[in-house]
Structure formats: structure tokens, C-alpha cells
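To start, the structure itself, in C-alpha cells.
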Amino acid sequence: MAGRFARSWSLMKASADVLRSDKSLLMFPLASSICCLLVAASFLIPVIAAMVAAGDVAEQGHRMTAGGYVLMFLFYLAQYLVIIFFNTALAAAALARLRGEETSFGEGMAVARSRIVSIVGYALIAATVGLVLRALQERLGLIGRLVVGFLGLAWTVATFLVVPVLASQDVGPTEAISRSVELLKRTWGENIIGNAGIGVVFGLLMFLAVVVAALLVGGAFATQSMAAIIVAIVIVVVGLTMLGLIQASLQGIYAAALYRYAEDGEVGYGFDQAMLEQAFKPKK
């Protein structure tokens, strides 16, 4: 177990080297986050306003109506479309950087735009899966949550390399999913969870950041100074936002590097051959 975390830490540091060499990669998750917030606002504000106007906020039942499912599907579709689009752009830019090429935000976006049909198709699939999982969770209670957790994990593993596939190959969404499954079976299989330590590392960092943020804001309130409170809140918001952007960027670079090695057997910029071979150790 210690070896797995050590390799994950090494992979994260190598991803960080790539990010340090091209900080424009941070722009993709930033743009994605802004667009996701706008999409959420465009759905939630009218819905909440309509519920308040109808006076039925408190009377809503636990079981969702057919109209509710349609609205949720459209929301999932819009969110997935935004996320997959910008993730594809990030993967395209990361792959170019890993090949030692110069890249830019505009070039990554251009690749994503050229794959828009496949991205929409994959967003439709992802939204459908998300809606089905939500329906199972709602109807089956505790058992549903367990089933959803298992199926969600299986879906995440199966589609781990779909975005890099879309960024590098002009294929349809179903073919991209099949290719992702094929690459993972051939090299990683079930070992993906043990080697994907970026989420664990950033989970710990986020926990520490929240603790520090609580102390900072608490200290600011103790001073009873409005200026100190505002400064503390701004620092916390900017800090947590940057941490989230860095994590999203590193995960995109990490996935792109693993895809490149699985597909072509080549080591990208900043990554060590032996380190990636350990990450891609076949299941026995």
C-alpha cells in the first residue's frame, strides 16, 4: 500500500512539472467551473422561483415526477456537455505538451470544437447513466445508494480514458468508451484505484485547507474588523479555488499521460518510463 501511494505521489509531482511548464492549462478547469456555475444558475433560479411562486416548496414529495426527471436529464446533459468539452480541450493541450509541442488555450479549444459531435454524444450517454443511477438511488433507498456507489465506480473506471481518446482520435462516443475499456483491461485493469492517488492527496490537502480557512476566518471575526473579515474570506475563496483548479489540471495531465503510454508506449514530458510502467502493471 505504501508503494502505491509513493508511486501516486511521484506521478502527481511529474504532472505538476508539466503544469508548471504551461500554466495556461489552468484556464480549462477555470472556464469549465464558470460555465458550470452559469448552467446551474440558469436551471436552479427559475425552478426555485417557480416553486416559491406556487407556494409548494415545502409540499414537494420525495418521489420525483416525470417532468422532474426530464428537467434533471436536461440539467445533467448541460453540465456534462460543459465538463466534457473543457476536459477534452485540456486533454488535447496536455497531450501536445507531453509530445514536447507548444500549445495554447485556443488550440485546446479548437480541438474540442472539432470533436463537438462526439462530445455531445458522450454527454448524452453520461447524462443517461447519471439519471438512471439517480432513479435507482431514489427508489431503492439504502440498497440503492450501495448499488449506485458500485455502478458509479464501475462507470468511472470504464470511462477513465474516454476524454483523452476523444481528444486524440476522431471517433464516436461508444467507440471512445470501448477503447477506454480496452486500454484499461490491457494494462491497468482493477489496479487503477490503487494507483490513482491524486484524489487522495488533494483530499488531504483540501481538509488541511479547510482547517486553516476556518482558523483564518475565525480569527478575522474575533478582531471584529470588517476589513479583516473581507480579506480573510477573499483569501479563503481564492485559495480553495486555486487548489481545485490545480487538482483538475493535474488529473487531466495525469490521464493524458497514462493514455499516451497505454496507446503508444511513449513517455511524455516530465514522466519517467519506469514510473509509468509501475502504474500500468498488469493485474495478475
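Mind the numbering: the sequence shown is residues 3 to 286 in the working numbering, read in order. Glycine included, each C-beta is placed from N, C-alpha and C at the ideal position.
When Leu133, Ala230 and Ala276 are compared, the shortest CA-CA separation from Gly69 is found for Leu133. Secondary structure note for Phe152: its alpha helix (DSSP H) is the uninterrupted segment Ile118 to Ala160. Rounded to the nearest whole angstrom, the CA to CA distance from Tyr256 to Ala80 is 25 Å.
Comparing C-alpha distances from Ser26 to each of Ile50, Glu265, Ala91 and Cys37 shows the shortest one belongs to Ala91. Under the 10 Å beta carbon count, Leu207 is surrounded by fewer than 16 other beta carbons and is classified as exposed. Around the C-beta of Ile50, fewer than 16 other C-beta atoms lie within 10 Å, and the residue is accordingly described as exposed. The DSSP-derived three-state label of Leu100 is helix. Ranked by Cα distance from Val203, the first of Leu217, Leu245 and Val240 is Leu245. Nearest neighbour of Val183 by Cα position, chosen from Phe162, Met228, Ala216 and Val173, turns out to be Phe162.
Pairing Leu185 with Glu177, the inter-Cα distance amounts to about 12 Å. Per the coordinates, the alpha-carbon of Gly154 lies some 20 Å from the alpha-carbon of Ile121. Remark: C-beta atoms of Leu247 and Pro166 do not approach each other more closely than 8 Å. A straight-line Cα-Cα distance of about 33 Å links Val113 and Gly151. Taking a C-beta distance under 8 Å as the contact criterion, Ala125 and Leu83 qualify as a contact pair.
Boundaries of the alpha helix (DSSP H) harbouring Gln249: Met228 to Asp266, taken from the DSSP string.
Straight-line spacing of the CA atoms in Ala211 and Thr243 works out to 11 Å. Per the coordinates, the alpha-carbon of Tyr271 lies some 12 Å from the alpha-carbon of Arg22.
Where Gly174 is concerned, there is no enclosing alpha helix (DSSP H), because DSSP gives it neither an H nor an E.
Judged by DSSP secondary structure, Leu210 falls within the alpha helix (DSSP H) whose first and last residues are Ile200 to Thr225. Short of 8 Å from the beta carbon of Glu109, and not among the five residues preceding or following it, lie these beta carbons of its own chain, in chain order: Ala94, Ala95 and Ala98. By the CB criterion at 8 Å, Asn89 and Gly241 fall outside the cutoff. If the five residues before and after Asp24 are omitted, its C-beta is found closer than 8 Å to the C-beta atoms of Ala95, Arg99 and Thr105, all from its own chain and listed in chain order. In summary, Ser17 is buried, with 16 or more beta-carbon neighbours lying within 10 Å of its beta-carbon over all protein chains present.
Burial state of Pro48 is exposed, judged by a 10 Å Cβ sphere holding fewer than 16 other Cβ atoms. For a cut-off of 8 Å, the C-beta gap from Gly123 to Gly174 is around 6 Å, short enough to register as a contact. Taking C-beta separations shorter than 8 Å and ignoring five residues to either side along the sequence, the partners of Pro31 in its chain run Phe88, Leu92, Gly246, Leu247, Ala250, Ser251 and Gly254, following chain order.
Ranked by Cα distance from Ile237, the options Ala259, Ser180, Gln226 and Val214 are led by Val214.
Your pair Phe75 and Ala129 checks out as a contact, with CB atoms roughly 6 Å apart and the cut at 8 Å. Excluding five sequence positions before and after Cys38, the CB atoms of its chain that fall closer than 8 Å to its own CB belong to Gln81, Val84 and Ile85, given in chain order.
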